[in-house]
Amino acid sequence: MKTSLIAEHMLSTGVFYTAGQLGTELGISAVEASGKLFNIRTSKKYQCEVTPLPNRKIKLLSIGGKSVSKNSLWDLVLFNKPILKEESCAA
């Protein structure tokens, strides 16, 4: 699963995630989720709020400067439209 897709999911939910919580929600291992969260935390493309260790949690605030609007959330809920277009580059 691509980091960009995981980031899009995190942005759409707007909640804090641990690797275990994210892995369970997306059906991936906690180790893979931990790697994706590391990518999100360290990339300049993603802006996030990070709690301190231990039990670090990450909440994604925006992707490339674009945050989720309430209209985008309604589109997701009512029409299952993606919030952001998938980017062609793999993160």
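So the sequence shown is numbered by our numbering: it starts at 2 and just counts up by one. Ideal Cβ positions, reconstructed from N, Cα and C, are used throughout, including at glycine.
Secondary structure note for Ile-7: its alpha helix (DSSP H) is the uninterrupted segment 4–14. Taking every protein chain shown into account, the CB of Lys-45 has fewer than 16 other CB atoms within 10 angstroms, so this residue is exposed. Remark: three or more beta-carbon pairs, one from each stretch, lie closer than 8 Å, so the region 55–62 and the region 7–19 are flagged as touching. Sequence-distant partners of Glu-33 (beyond 5 residues in either direction) whose C-beta falls short of 8 Å from its own C-beta, in its chain, are Met-2 and Gly-24.
Beta bridge pairing from DSSP links Gln-48 with Ser-63. Taking Val-51 as reference, the option from Ala-31, Leu-27, Gly-66 and Ala-20 with the minimal CA-CA separation is Ala-20. Of Pro-53, Cys-49 and Pro-55, the smallest CA-CA separation from Gly-15 is found for Cys-49. Taking C-beta separations shorter than 7 Å and ignoring five residues to either side along the sequence, the partners of Thr-4 in its chain run Lys-37, Asn-40, Ile-41 and Ala-92, following chain order.
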